[in-house]
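What follows is a short report on a single structure.
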């Protein structure tokens, strides 16, 4: 199930969402006050904002969305109008026109600001600086397990503390919005001969889409349960703006498996594409779907060997277990990872060599200060030539190498290039360490945007098209639209570490030291393991006869 985040103090109001993609407001009745008082939680008191102020109130709800029956919004005639015998028609028309203008001003403001949530509920389209869009709020720490007096429950909002483990939400203290970007984004593999599908190239196609039987749908913000409406997707690729998808075929006798789309995160599909290119030298979508269709029952789905943290969270409702925030972290674009890796790269003028020693031995305590020559044990490995020593460590893992360095002074100093093998062996999912010739891969444009990004782009483009059409009647406005509203789908340049100029010992140790903060890498490792299992099953079924 899609997850939600509980915002931290100072974050904008829309930095939280529930499993439906809407902003939850009344969480205070769902929390354990005694528990929260022990974990640094607080409550926010909301003060009324300037009512109906389109400019100052970012939470103002336009009249068409307001459920409160106003006099001017109904068929009611005022007593003054009746008593004076006035015709209320023109006034109603004027009020309606002004209401439409205000609503349009409001929507225009939203489209030019950083808060599109009132138009497009779901994952926020962007992350502004924390000082933007602050709520008008006062925060009371929950120190006694009691709510502040003088406020109703409707006026209060729960703000999770640093150690709060509320199962209803991931805390903004423990994972940032940037790290979660795309966690609600879903996409689907659809067969070109599926009902109502009318696939045509649209300029956004992957090479395998042009030649294969399957294509990628537009993006969806979250996926509902099976008993809800099909997922809305944008843009409507293949002529489909709604997709029926499932992980299980409940009626295999009458339901053609190819007619059921396959749901996934664009993150996961990108990792599949990388590993597929390594193993098959192409994106093996046909093999993927053959495996899916072969293991398409409920028992097959449950039997797939998933990560234990996923199994614990994947209940009827997603359980946001404390310490498992990495499950919703973006594995492709990991905050601070590039800067961490680039710090290990040397410029050509540095005269760096992968053969230099990894360790600074100048501060070690010399054995001569502790042991006499007679007391020092003989180091039988000291007589080995350098080539043989390096050959030996080439078979050892990191822990064995550490033990060997403690056991023999001969192995105290080792070249930094040795850790390249350890990085490749122990971190196969760190494609930043791959050679450029190993896997020619550019991430799909769909990995860089969310469903909200795409919908907002479409709405902005429609808005500007309407304005420009009035100003430049009869002219071609497409070039202006491309300039004013450029496509949000741009793929960042991929970092590839130069093997000869990288201190691989630092790469290895920095990732290990910062592992708890690199939640996206943790999720990448988890997804990589799942995809390796899928690849193994694709290979298995590739030798079977249909």
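In full-length UniProt numbering, the protein residues as written are 1 to 546. We put the CB at the ideal spot given by N, CA and C, even for glycine. Since the model is a prediction, treat every value here as computed from it, not as a measurement.
Taking residue i and residue j to be in contact with their CB atoms under 8 angstroms, please state how far apart those CB atoms are, rounded to whole angstroms.
i: residue 346; j: residue 493; result: That pair is no contact at about 20 angstroms.
i: residue 340; j: residue 432; result: That belief does not hold up - the Cβ atoms of residue 340 and residue 432 are roughly 10 angstroms apart, past 8 angstroms.
i: residue 514; j: residue 344; result: Between residue 344 and residue 514 the Cβ distance is about 12 angstroms, and since that is not below 8 angstroms, they are no contact.
i: residue 161; j: residue 41; result: 4 angstroms
i: residue 176; j: residue 37; result: So it is not a contact: roughly 25 angstroms between Cβ atoms.
i: residue 419; j: residue 541; result: Their Cβ separation, rounded to whole angstroms, is 38 angstroms, which puts residue 419 and residue 541 out of contact at 8 angstroms.
i: residue 289; j: residue 199; result: About 15 angstroms; that fails the 8 angstroms criterion.
i: residue 196; j: residue 142; result: With a Cβ gap of about 52 angstroms, residue 196 and residue 142 do not count as contacting.
i: residue 444; j: residue 209; result: So it is not a contact: roughly 10 angstroms between Cβ atoms.
In chain order, what residues of the same chain have a beta carbon less than 7 angstroms from the beta carbon of residue i, not counting five sequence neighbours either side?
i: residue 30; result: 168
i: residue 552; result: Since the displayed the chain opens at 1 and closes at 546, residue 552 lies outside it and no answer follows.
i: residue 446; result: 187, 216, 219 and 266
i: residue 248; result: 296, 297, 298 and 301
Within a Cβ cutoff of 8 angstroms, which residues of the same chain sit near residue i, ignoring the five residues on either side of it in sequence?
i: residue 28; result: 43, 147, 153, 156, 157 and 158
i: residue 279; result: 535 and 539
i: residue 428; result: 528
i: residue 252; result: 296 and 297
i: residue 250; result: 298
i: residue 421; result: 394
i: residue 284; result: 276 and 538
i: residue 242; result: 229, 230, 231, 232 and 233
i: residue 533; result: 304 and 305
i: residue 361; result: 412 and 413
i: residue 348; result: 501
Run the CB neighbour count on residue i, radius 10 Å, all protein chains shown included, and call it buried at 16 or more, exposed below.
i: residue 96; result: exposed
i: residue 453; result: buried
i: residue 231; result: buried
i: residue 472; result: exposed
i: residue 388; result: exposed
i: residue 391; result: exposed
i: residue 271; result: buried
i: residue 378; result: exposed
i: residue 399; result: exposed
i: residue 226; result: exposed
i: residue 139; result: exposed
i: residue 320; result: buried
i: residue 191; result: buried
i: residue 351; result: exposed
i: residue 150; result: exposed
i: residue 325; result: buried
i: residue 310; result: exposed
i: residue 275; result: buried
i: residue 548; result: Residue 548 is absent from the structure shown; the chain starts at 1 and stops at 546.
i: residue 222; result: buried
i: residue 323; result: exposed
i: residue 476; result: exposed
i: residue 292; result: buried
i: residue 440; result: exposed
i: residue 237; result: buried
i: residue 98; result: exposed
i: residue 402; result: exposed
Got a sec? Which residues, its chain only, sit under 6 angstroms from residue i by beta carbon, not counting five neighbours each side?
i: residue 7; result: 15, 16 and 172
i: residue 307; result: 526
i: residue 300; result: none
i: residue 180; result: 328
i: residue 381; result: 408 and 410
i: residue 244; result: 230
i: residue 269; result: none
For residue i, write down the residues that DSSP places opposite it in a beta bridge.
i: residue 221; result: 185
i: residue 6; result: 171
i: residue 355; result: According to DSSP, which records beta bridges pairwise, residue 355 is partnered with nothing at all.
i: residue 141; result: 42
i: residue 482; result: The partner list for residue 482 (beta bridge, DSSP) is empty, contrary to what the question assumes.
i: residue 262; result: 189
i: residue 502; result: 345
i: residue 159; result: 42
i: residue 549; result: Not covered by the structure: residue 549. The range shown for the chain is 1 to 546.
i: residue 318; result: 314
i: residue 245; result: 261
i: residue 214; result: 191
i: residue 415; result: 357
(message) For the segment 515 to 526 against the segment 329 to 347, do three or more pairs of beta-carbon atoms, one drawn from each stretch, fall closer than 8 angstroms, so that the two count as touching?
(response) Yes, since at least three Cβ pairs between the segment 515 to 526 and the segment 329 to 347 fall closer than 8 angstroms, the two stretches touch.
(request) Spell out a yes or no on whether the segment 173 to 189 and the segment 439 to 457 are touching, meaning 3 or more CB-CB pairs, one atom from each, closer than 8 angstroms. (result) yes
(message) Any contact between the segment 433 to 450 and the segment 403 to 415? By contact I mean 3 or more CB pairs, one from each, below 8 angstroms.
(response) Touching, no, given that fewer than three Cβ pairs across the two stretches are closer than 8 angstroms.
(message) Would the segment 258 to 272 count as touching the segment 462 to 482 if we require 3 or more Cβ pairs under 8 angstroms?
(response) no
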